[in-house]
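What follows is a set of notes on a single structure, which appears directly below.
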Amino acid sequence: MSDSIEMEFKVYHIDSAALANKMLWNKGGVIVENGIVTNVSGVKDYAYGLSKAKNVVTPVLNKQSTNPFKPMAYKLSLNGPASLIGNNALVQNMVYDNARLGKLVLQKYLLTKGVPTDAVDQIRLKHGKLTSVTLTYLFRFDSHDKAVKALQEFRDHARTVLDHHAAYSRKGKSKGNRQIVTPVGTAPSLTVYINRNGTDLPFSVAAYVKASKTTKAHAQFQSPQIEDAVYAESDKHVRLEIILPKTWLTKEGLRNPFAWKASKGAEKIHQNLDGPEKVHQKALQQLRGLLRLKAKGMLRTNKPQERHMTGLKADARAVLDDHLNGRNPWRHPNMRPEKRRATGIHQEILKTVHIDLTIPWKQQSQHVSADLAKWLQYTGEYQAPPHLKSASYVRSTARKKRVALRAEIDQLKRDAAGRPSDPEADANQARLHELWKEICTLSNVQRSGGSGSTADISDLLG
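In the UniProt record's numbering, the protein residues as written are 1 to 462.
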């Protein structure tokens, strides 16, 4: 999801039992294994900003605690643009601001669940850690059709250089066809996914052209005219989303939200590559490297002329001739183990004429895109058209919307202050403690029985 983040807010420092009183948890999911309670799980719920867009919040429980129903943390999956302005068509990357928004959304959620204000106020951004960040890049073209064509070029190029071609590898070394790039749908409703699971890729990628809201989206606009204008602009962009996982964030030292905070005045000079801007550029540069779009790694698409091949040794030249004529170069006699190492010939050809023997020449010559290297590059932070700023997720608009969200939160606090105390809360807390004693009793029974089982205690909860 564009410009979304996933965070975990620690709340173990909050003493209030109200967190345990009001949270949702899995009533039938207390699992006893070999006499030990191994799972007491919270269940996901939905939290909201200013719009109807759903953000997933899940309590993280500590089963080793004397009160396992008090969460030690909350996981939050947040779509900042959709939560604050009601759509995510035209966006700037604002990770630090999104983290601040995440804190507000979680606070609002807890207040609506009846958690006391003094407990909610103890949730700070310093207690939050990022576990996933999605960076969104918008590349503008003159028309929707040109944007769709560029997306198709991206698909073909990515499949050519990233997918593994089983037949084009050394005999006995083939790992089979490996599909890393997955196109879903057809143009113009095409999305291209680059999946990192099971690979050494540092992150995942999604690319598409956003021409209208999706079926399940909760898009909100001030008027139908503004909605049409926003999508008329967004459908001229190839939208590229780089999903940075926890491993990437940890390696780069970017799990702390404050690491994404720009220095004073940086937002006014959006192309100064200060702080987060450097990260935005670095992630895209890594993708360019993976797609072999950097000058030294680019692959040729035209057949090399004689003058290009003068530096090749005779055995490499013979292998290249087979490759250019549609024959599998890895089956050439010169690529046998007793001859010069096949990898040496491969590297010589790659360095001299920029042809990769692991890619069929027909695919390299037809699907590697020279144009992709021209437009898929970082040119600075996205700037929305002035007349669409109020409906775009840009700093000026997001700042005003956060003020409105804080006002809602303040009103919830005032409402809570005016309510009489709830005697049911204390009773509920006592009930949970009694329930925990019963679970421990079940554990002792299982310990004597010697076999693991799942204890469904929903009847104890009514």
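All C-beta atoms in this analysis are idealised placements derived from N, C-alpha and C, irrespective of residue type, glycine included. Model, not experiment: these values are computed from the prediction.
Notebook entry, point to check: Among Lys-362, Pro-81, Ala-73 and Lys-374, which has the Cα closest to the Cα of Lys-54?
Noted result: The count along the sequence shown starts at 1 and reaches residue 54 at position 54. Proximity to Lys-54 across Lys-362, Pro-81, Ala-73 and Lys-374 peaks at Pro-81, based on C-alpha coordinates.
Margin query: Strictly by DSSP, which residues pair up with Ala-147?
Written below: Looking up residue 147 in the sequence shown gives position 147. In the DSSP secondary-structure assignment, Ala-147 is not bridged to any residue.
Notebook entry, point to check: Closest by CA to Ala-314, which one among Met-335, Met-298 and Gly-326?
Noted result: Here residue 314 refers to the residue found at position 314 of the sequence shown. Taking each of Met-335, Met-298 and Gly-326 in turn and checking the Cα distance to Ala-314, the smallest one comes out for Met-335.
Next item on the list: Pick out whichever of Tyr-168, Pro-59 and Trp-260 has its Cα sitting closest to the Cα of Asn-98.
Entry: Position 98 of the sequence shown, counted from the first residue, corresponds to residue 98. Out of Tyr-168, Pro-59 and Trp-260, the CA that lies nearest to the CA of Asn-98 is found in Trp-260.
Notebook entry, point to check: When burial is assigned at 16 or more other CB atoms within 10 Å of the CB, is residue 464 buried or exposed?
Noted result: Residue 464 cannot be examined here, being either before or after the span of the chain that is shown, 1 to 462.
Check: Hey, how far is the Cα of Asp-200 from the Cα of Leu-84?
Finding: Numbered from its first residue, the sequence shown carries residue 200 at position 200. Numbered from its first residue, the sequence shown carries residue 84 at position 84. Roughly 35 Å between the two C-alpha positions.
Next item on the list: Mind the definition here: the segment 109-125 touches the segment 326-333 only if three or more C-beta pairs lie below 8 Å; say whether that holds.
Entry: Touching, no, given that fewer than three Cβ pairs across the two stretches are closer than 8 Å.
Check: Cβ atoms of Leu-76 and Leu-106: under 9 Å apart, would you say?
Finding: Along the sequence shown, one-based indexing puts residue 106 at 106. Along the sequence shown, one-based indexing puts residue 76 at 76. Cβ distance < 9 Å, so Leu-106 and Leu-76 count as in contact.
Margin query: Whole angstroms are fine: how far does the CA of Lys-296 sit from the CA of Leu-101?
Written below: Taking the sequence shown and counting its residues from 1, one reaches residue 101 at position 101. Taking the sequence shown and counting its residues from 1, one reaches residue 296 at position 296. Between the C-alpha atoms of Leu-101 and Lys-296 there is a straight-line separation of about 42 Å.
Next item on the list: Mark Gly-49 as exposed unless 16 or more other C-beta atoms lie within 10 angstroms of its C-beta, in which case mark it buried.
Entry: Here residue 49 refers to the residue found at position 49 of the sequence shown. Gly-49 counts as buried, since at least 16 other C-beta atoms from the protein chains shown sit within 10 angstroms of its C-beta.
Checklist line | Met-72 versus Gly-380 - alpha carbon distance | finding: The sequence position of residue 72 within the sequence shown is 72, counting from 1. The sequence position of residue 380 within the sequence shown is 380, counting from 1. Rounded to whole angstroms, Met-72 to Gly-380 spans 39 Å at the Cα level.
Note to self: Once DSSP output is grouped into helix, strand and coil, what is the label at Val-95?
What the structure shows: Working through the sequence shown from its first residue, we reach residue 95 at position 95. In the structure shown, Val-95 sits in a helix (DSSP, three-state: H, G or I).
Note to self: Checking 9 Å against the spacing of the C-beta atoms, do Phe-221 and Val-230 come in under that value?
What the structure shows: For the purposes of this step, residue 221 is taken as residue 221 along the sequence shown, with counting starting at 1. For the purposes of this step, residue 230 is taken as residue 230 along the sequence shown, with counting starting at 1. One thing to note: Phe-221 has its Cβ within 9 Å of the Cβ of Val-230.
Margin query: What would DSSP say about Asn-79, mapped onto helix, strand or coil?
Written below: By 1-based counting over the sequence shown, the position of residue 79 is 79. Here Asn-79 sits in strand by DSSP.
Checklist line | Every unbroken alpha helix (DSSP H) inside the segment 345-414 [4 residues or more] | finding: Within the segment 345-414, the complete alpha helix (DSSP H) runs of at least 4 residues are 361-367 and 370-375.
Notebook entry, point to check: Is it the case that the Cβ atoms of Glu-233 and Pro-385 are separated by a distance below 9 Å?
Noted result: Start at 1 with the first residue of the sequence shown, and residue 233 comes out as number 233. Start at 1 with the first residue of the sequence shown, and residue 385 comes out as number 385. Going by C-beta atoms, Glu-233 is nearer than 9 Å to Pro-385.
Next item on the list: Can you tell me which of the three DSSP states Gly-326 falls into?
Entry: Here the question's residue 326 lines up with position 326 in the sequence shown. Coil.
Notebook entry, point to check: Quick one: Cα of Leu-293 to Cα of Asp-321, how far?
Noted result: For the purposes of this step, residue 293 is taken as residue 293 along the sequence shown, with counting starting at 1. For the purposes of this step, residue 321 is taken as residue 321 along the sequence shown, with counting starting at 1. Whole-angstrom Cα-Cα distance: 25 Å.
Checklist line | CA nearest to the CA of Trp-375, picked from Val-56, Val-60 and Phe-154 | finding: For the purposes of this step, residue 375 is identified with residue 375 of the sequence shown, where counting begins at 1. The shortest C-alpha separation from Trp-375 is found at Phe-154.
Next item on the list: Determine the extent of the alpha helix (DSSP H) in which Pro-276 is found, giving its start and end residues.
Entry: Here residue 276 refers to the residue found at position 276 of the sequence shown. Unbroken alpha helix (DSSP H) run through Pro-276: 276-290.
Margin query: Taking its Cβ as the centre, do 16 or more other Cβ atoms sit within 10 Å of Gly-418, making it buried, or is it exposed?
Written below: Working through the sequence shown from its first residue, we reach residue 418 at position 418. By the 10 Å Cβ count, Gly-418 comes out exposed.
Next item on the list: Report the three-state DSSP secondary structure of Met-309 (helix, strand or coil).
Entry: One-based indexing of the sequence shown puts residue 309 at position 309. If DSSP states are grouped into helix, strand and coil, Met-309 belongs with coil.
Notebook entry, point to check: Ends of the alpha helix (DSSP H) at Asp-118?
Noted result: Residue numbering aside, residue 118 sits at position 118 when the sequence shown is read from its first letter. Start and end: 117-120.
Notebook entry, point to check: With C-beta atoms as the reference, is Gly-128 less than 9 Å away from Glu-8?
Noted result: Residue 128 sits at position 128 when you count from the first residue of the sequence shown. Residue 8 sits at position 8 when you count from the first residue of the sequence shown. In this structure, Glu-8 lies closer than 9 Å to Gly-128 by Cβ.
Checklist line | Extent of the continuous alpha helix (DSSP H) to which Glu-8 belongs | finding: Translated into the one-based positions of the sequence shown, residue 8 becomes position 8. For Glu-8, there is no enclosing alpha helix (DSSP H); the residue is part of the beta strand (DSSP E) that begins and ends at 4-10.
Next item on the list: Kindly indicate which residue of Ile-409, Val-148, Lys-401 and Thr-358 has the alpha-carbon position closest to the one of Lys-236.
Entry: Stepping through the sequence shown from its first residue, residue 236 is reached at position 236. Of the listed residues, the one whose Cα sits closest to Lys-236 is Val-148.
Next item on the list: Taking Pro-59 as part of the beta strand (DSSP E), name the residues at either end of that continuous run.
Entry: Within the sequence shown, numbered from 1, the residue matching residue 59 stands at position 59. Per DSSP, the unbroken beta strand (DSSP E) holding Pro-59 starts and ends at 55-61.
Notebook entry, point to check: Taking the alpha helix (DSSP H) that Asp-45 falls in, what are its first and last residues?
Noted result: As a first step, residue 45 is located in the sequence shown; it is residue number 45 there, counting from the start. Bounds of any alpha helix (DSSP H) do not take in Asp-45; it lies within the beta strand (DSSP E) bounded by 45-47.
Check: Thinking just about the alpha-carbon of each residue, which of Leu-162, Thr-310 and Leu-357 is nearest to the one in Pro-329?
Finding: Taking the first residue of the sequence shown as position 1, residue 329 is located at position 329. The shortest Cα separation from Pro-329 among Leu-162, Thr-310 and Leu-357 belongs to Leu-357.
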